[in-house]
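Below is one structure, written out as structure tokens; comments come after it.
See the structure below:
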């Protein structure tokens, strides 16, 4: 092990310096206590801004120049447009035209649509990316081609990193479906409506300079102001900020796979058997096919038993919207809309509440919503016998996914991972996860098509479901059965020594690292 | 002049040290540029807060103890309940019981209902008050009885002072008509509904410790969360936080005085003649009788000419609510509701927007709403021939009023003061204002029952209204006429040397001081 590495509380060897900054190894859940005060943006004065509130400038390049763009700066962007974003690539095209080098891109997530940025990584305009790298950019990093280290954070961890001063954002570029000349903006109106803009909140609050880019300029006031113009320096009007048809997640259809449907049904039955399904409860389920199927099974149980939730957390889809409209929940607390029904509901229904990572997920906070959830249903690429889970690397070791709100959600009162026991004949339940993203002590239940494993730490759940008739089994037993089906334990991916990314825990400490794949 | 004083850019001798802290003399409008970064609250971690989000503690005393209350601390509160507040007195009763001394009370404003605090000022529990002192507490300070100096700030200046670190709030106590156990709260619901809670925003964001006091606890989530529970440390439930019938301002009736009606009508006609009354315009008028009458005249003109405002700023009353509902404005942007119609509209009408001093008034910001207003109508206790105005002291020199949003509103495109030319046979237009609160360069028009005076700096307004038939006259001519009616120039109030309060400008500099009255 190198001098610059330490074994953290999870037994993983991690870096103590990342991209030239000191880094703290993971110390255990709730163990690391931050000291001092939050970071703070520069003081400004109205004397330096137009009295009439009109901050519109000619184009993005002008706005970047006005913001003082120079070598080595950090530029942030958000991913509410998901794979339909039309702004981020333009930022770095403009930076290239301006001859600027060595930028750090700090998106809340990147998608396949950002593949064109590889040329700016190759040419040196972008030094490295900190943020989820879904698809091609993740493959690029996994192949060891990125100069700096990738740093992956959860949505809450990203807010925490900005708030704590761990990441200083020089320039935030906020693509907005509707904005006014003052910079107030939202995602619920306009031809490119995408729902919320919460992922850009920290950027707007803490960046030295904030640029809003919109394709729908309205007279002041743009209401609601999900992002406040008082944080904004410049406004740029373009033809199109995003493609709504691609904003919608590709995964918002209920699964048709019989195995996945079984997993979803077992999950819902577990929630019922554990006594979680009661009036005033709350749940969060993602927009993946199995999660959606779970939500449908749960909905049917709620209907049958006359149970109403106090709130459900989105990512919202039309399924959650239907539940709200049917009166099965008082509120949707929503961080990200996954389809147009979600966008419209957030716009029109006062009980469909726009949230952001500060209120929902930031761990360096006086509490957040995540820990109040009665039950959360999440995915994983791998789970191990200690209930540790991985969401970022594939079985081949390549870094292909972001963390999203996944780590943050683990703090719910009951965290369930409904997962297939194998994928493409490769076991999903393993001896040790390739990359540790979530510590097993926070993961309560694994539901597979071959049975349900309850974390031994949760004797209460074991007791509650003892006589439920559900196929509860030790996780080792499920693992062994799957290995016999798949022809033995999976080969570990082949890695080279070189570390290509760090995985942060919700408190900013380093929980694991990712290495270059041998066949990169 | 003492060593500790300097003559500021307005020619006023002001303190360079206030309550032991250095103070900067006023340097002119937009001249003082702040440096460095905003202040920041302490970092916290969810590990130190209950996972289930329940922060309810037994009572206010317990919450204060938990917050580490000790001698010399600063405790803040808000004035959305106006003269019906039932919480602030209890804070200091509890502090007295705990034997704590020398506290600084930092309310957004105080009212006659806070007169009982005089015993805590006398006994030493409270060292001094920084904030508007309406009525008895102002008289107490004017008589030289308060140990520390009063410091008066505008609503925006109060936000600026907290944000800039000029005032460090140790403990914020936020009285809330509705809250959940996590601390999310609002003013639009519950038996004591008062409308918004925006005056407490800075306190919630920057105080070391935040206590929410409510008489209407609802299950999480309390929506809307005008104040976010993520900023809150403790929640206290009491029988009653405020008396709604006293929340309503005593001044929300249209004037019946023929002189005042004439002034209101002249003001509206001036706005029309100056070309301000056009589709998409914006205005702000207070809740005083003359301002309300002005709004009614304006409304009638808008109806007659088919003109619609883009937004009007509240303090809202049923008159503004009627305009919104009638379609005469797209939005009400509201900082403070003055009657129950305002409260209900803010609760139910998505075009009645809850604002706060950060978005509306904070001068150390990237712009704010105040400077975007086409016209603002405000009051004053005195105006002088240089168009300087006073809002805090009476003609007898006593400090009886707060600044409110008055200084902030002066930044509008056209600031009009409709005022009677004399009150109780004492001229209101004087040679030099007793206390300088607003520099003449920002005050554009004075409307009296004896004519309209336009600031010579506004040649555009002089030109626009030249052929309007309105009684436009030099301010000196109005002053002389009034003096002849009142039997000469008014006597200056008799002051002692001792300074009892400082008046801050919107940028935190000192624009004037107030001295002890001789007959105190």
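Chains as they are written, first to last, in this note's numbering: chain P, 1 to 520; chain C, 1001 to 1520.
Just so you know, even glycine gets a beta-carbon here, dropped at the ideal spot from N, CA and C.
Since the structure is predicted, the reported quantities are computational estimates derived from the model, not experimental observations.
- Counting only Cβ-Cβ distances below 7 Å, residue 120 of chain P has no contacts in chain C at all, with the closest Cβ about 29 Å away.
- Within the same chain, and ignoring the five residues on either side of residue 1070 of chain C in sequence, the residues whose Cβ sits closer than 8 Å to its Cβ are 1100.
- Look at residue 1310 of chain C: its C-beta is under 7 Å from a C-beta on chain P.
- Between residue 303 of chain P and the set P:150, P:32, P:483, P:327, the nearest pair of CA atoms involves P:327.
- In the DSSP assignment, residue 1347 of chain C falls outside any beta strand (DSSP E) and within the unbroken alpha helix (DSSP H) covering 1340-1348.
- Ranking P:514, P:509, P:518 by CA distance to the CA of residue 25 of chain P puts P:509 first.
- Around residue 1365 of chain C, the beta-carbon contacts reaching into chain P at under 7 Å are 44, 46, 230.
- Looking at C:1118, C:1080, C:1497, C:1415, the one whose alpha-carbon comes closest to that of residue 1342 of chain C is C:1080.
- Each of C:1459, C:1364, C:1426 was checked against the Cα of residue 1030 of chain C, and the nearest Cα belongs to C:1364.
- For residue 142 of chain P, the enclosing alpha helix (DSSP H) begins and ends at 136-142.
- Taking 7 Å as the cut-off between beta carbons, none of the residues of the stretch 1057-1091 of chain C comes near chain P.
- By the beta-carbon neighbour count (other beta carbons within 10 angstroms, threshold 16), residue 466 of chain P is exposed.
- Neighbourhood of residue 283 of chain P in chain C, by CB distance below 8 Å: empty, with the nearest CB roughly 14 Å away.
- Residue contact with chain C for residue 368 of chain P: present (Cβ-Cβ distance below 7 Å to some residue of chain C).
- Contacts with chain P (Cβ-Cβ distance below 9 Å) from the stretch 1028-1042 of chain C involve 1029, 1030, 1031, 1032, 1033, 1034, 1035, 1036, 1037, 1038, 1039, 1040, 1041, 1042, listed in chain order.
- Runs of alpha helix (DSSP H) with 4 or more residues, each lying fully within the stretch 205-249 of chain P, are found at 244-247, listed in chain order.
- For the 7 Å CB-CB criterion, residue 1506 of chain C and residue 230 of chain P do not form a contact.
- With distances taken between CA atoms, residue 1053 of chain C lies nearest to C:1179 out of C:1014, C:1104, C:1091, C:1179.
- Going by DSSP, residue 1015 of chain C is part of the beta strand (DSSP E) stretching over 1013-1015.
- Setting aside the 5 residues that flank it on each side, residue 1440 of chain C is surrounded in the same chain by 1386, 1387, 1388, each with a C-beta closer than 6 Å to its C-beta; the list follows chain order.
- Less than 7 Å separates the beta-carbon of residue 1462 of chain C from that of residue 1454 of chain C.
- Non-local C-beta neighbours of residue 258 of chain P in its own chain, meaning closer than 6 Å and more than five positions away in sequence, are absent.
- Within chain C, the residues 1367 have their CB atoms less than 8 Å from the CB of residue 50 of chain P, given in chain order.
- Taking the CA atoms as reference points, residue 1117 of chain C sits about 12 Å from residue 1133 of chain C.
- When CB distances to chain C are screened at a threshold of 8 Å, not a single residue of the stretch 284-298 of chain P falls below it.
- For residue 387 of chain P, no chain C residue has a C-beta closer than 9 Å to its own C-beta; the minimum C-beta separation is roughly 19 Å.
- Within the same chain, Cβ atoms closer than 6 Å to the Cβ of residue 1061 of chain C are found at 1094, the five residues on either side in sequence being excluded.
- For the stretch 324-341 of chain P, the set of residues with a beta-carbon nearer than 8 Å to any beta-carbon of chain C comprises 331, 333, in chain order.
- CA-CA distance, residue 1295 of chain C to residue 1351 of chain C, rounds to 19 Å.
- Residue state for residue 271 of chain P is assigned as helix, using DSSP reduced to three classes.
- Runs of the beta strand (DSSP E) spanning 3 or more residues and lying entirely within the stretch 1356-1386 of chain C occur at 1375-1377, 1382-1384, in chain order.
- Only those residues of the stretch 1215-1243 of chain C whose C-beta falls short of 9 Å from the nearest C-beta of chain P are listed: 1219, 1220, 1221, 1223, 1224, 1225, 1228, 1229, 1230, 1231, 1232, 1233.
- For residue 353 of chain P, the nearest CB of chain C lies under 7 Å from its own CB, placing it at the interface with that chain.
- Not a single CB atom of chain P sits nearer than 7 Å to the CB of residue 1343 of chain C.
- Residue state for residue 123 of chain P is assigned as helix, using DSSP reduced to three classes.
- Between residue 323 of chain P and residue 347 of chain P, the beta carbon gap of about 18 Å keeps them out of contact (Cβ cut-off 8 Å).
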